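Read through the structure below, which is laid out as structure tokens, and then see the notes.
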Amino acid sequence: MTEIEEWTPEAAAAIGLCEAWAEEVTAAIPCTIYLFGSAIYNGGDQFDIQSSDLDLVVVFDEDLDATERAERLHLFSLYKAKLELRMVPSLRRTNCKDPGVSIVPITALELTGNIHKSGAPRFFDKNIFLDLATGKQSLGLPGAGLGMLPYNSRQALEYVQKVRNQFLAVSANLTGGISPFDEVDPLPKPLARAAAQLDPNA
259 MTEIEEWTPE AAAAIGLCEA WAEEVTAAIP CTIYLFGSAI YNGGDQFDIQ
309 SSDLDLVVVF DEDLDATERA ERLHLFSLYK AKLELRMVPS LRRTNCKDPG
359 VSIVPITALE LTGNIHKSGA PRFFDKNIFL DLATGKQSLG LPGAGLGMLP
409 YNSRQALEYV QKVRNQFLAV SANLTGGISP FDEVDPLPKP LARAAAQLDP
459 NA
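Read in the working numbering, the sequence shown has 332 at position 74, and its numbers run on one by one without any break.
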């Protein structure tokens, strides 16, 4: 467990909420969940209980194909919705319109390649993360940046991460996320461009 005496009261409440939630998630989904950002930076001094997000990285343990990843992400979204709802009473959150939790689910390949949706080249080995299972902080995630990927592959995977993050960006009042695609084009243009990074004939 985290030594919550190190944290501000607000940060301690947020960490405790995330730890309990992560224990529930990992019992159902093989993954490791990390908290980062203002909730743990400098003991949580910059964490505002009303306006700060809970920033989480989820590293899926299994090597799944695309269909299995989509199914896993859908299952994960149900747990993410629970966390949004629990934030309201636990942190006395008054804003239910905007998501209070930002989650980036990543694969082992993306972690090895140090790929983050922002395009930051060394995000996963230069930030401080709190392992919600062990309560231990570390500079960087285990295995981050041990491999290299071609530039085009990085761009495509950064886009995929953004889509996952947007899919999970549903607030406590169940608004947000990704709207159904009902345009004339067979695919959303950003998706087509990302696919073309990997295969010009796509």
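Ideal Cβ placement from N, Cα and C applies to all residues, glycine included. Predicted model, so just to flag it, every value in this text is computed and none were measured.
Using the Cβ count rule (16 or more neighbours within 10 Å means buried), how would you classify residue i?
| i | result |
| --- | --- |
| residue 444 | exposed |
| residue 288 | exposed |
| residue 371 | buried |
| residue 272 | buried |
Note down, in chain order, each residue of its chain lying with its Cβ closer than 6 Å to the Cβ of residue i, except the 5 sequence neighbours on either side.
| i | result |
| --- | --- |
| residue 379 | none |
| residue 295 | 313 |
| residue 310 | 296 |
Please report the residue range of the beta strand (DSSP E) in which residue i lies.
| i | result |
| --- | --- |
| residue 363 | 359-364 |
| residue 396 | 395-397 |
| residue 426 | No beta strand (DSSP E) contains residue 426, which DSSP labels as neither H nor E. |
| residue 382 | Note, residue 382: premise wrong, no beta strand (DSSP E); alpha helix (DSSP H) at 381-384. |
| residue 292 | 289-294 |
| residue 209 | Coverage of the chain is limited to positions 259 through 460, which leaves residue 209 absent and any answer about it impossible. |
| residue 313 | 312-318 |
Once the 5 residues before and after residue i are set aside, which same chain residues still bring their CB inside 8 Å of it?
| i | result |
| --- | --- |
| residue 462 | Any question about residue 462 goes unanswered here, given that the chain covers just 259 to 460. |
| residue 261 | Here residue 261 scores only 46 on pLDDT, less than 50, and its place in the model should not be relied on; the value that follows carries that caveat. Here the set comprises 393. |
| residue 414 | 452, 453, 455, 456 |
| residue 351 | 307, 308, 345, 358, 430 |
What are the boundary residues of the alpha helix (DSSP H) that residue i is part of?
| i | result |
| --- | --- |
| residue 284 | 267-286 |
| residue 334 | 324-348 |
Here's a check: name, in chain order, each residue in its chain whose Cβ is nearer than 7 Å to the Cβ of residue i, leaving out the five neighbours to either side.
| i | result |
| --- | --- |
| residue 300 | none |
Cβ pair count under 8 Å reaching 3, the stretch 401-411 against the stretch 434-453: no
Entirely enclosed alpha helix (DSSP H) segments - the stretch 407-452, minimum 4 residues: 409-425
Within the chosen definition, does the stretch 273-281 reach the stretch 320-329 through at least 3 CB pairs nearer than 8 Å? no
Inter-stretch contact at 8 Å, needing at least 3 Cβ pairs: the stretch 332-342 / the stretch 428-442: yes
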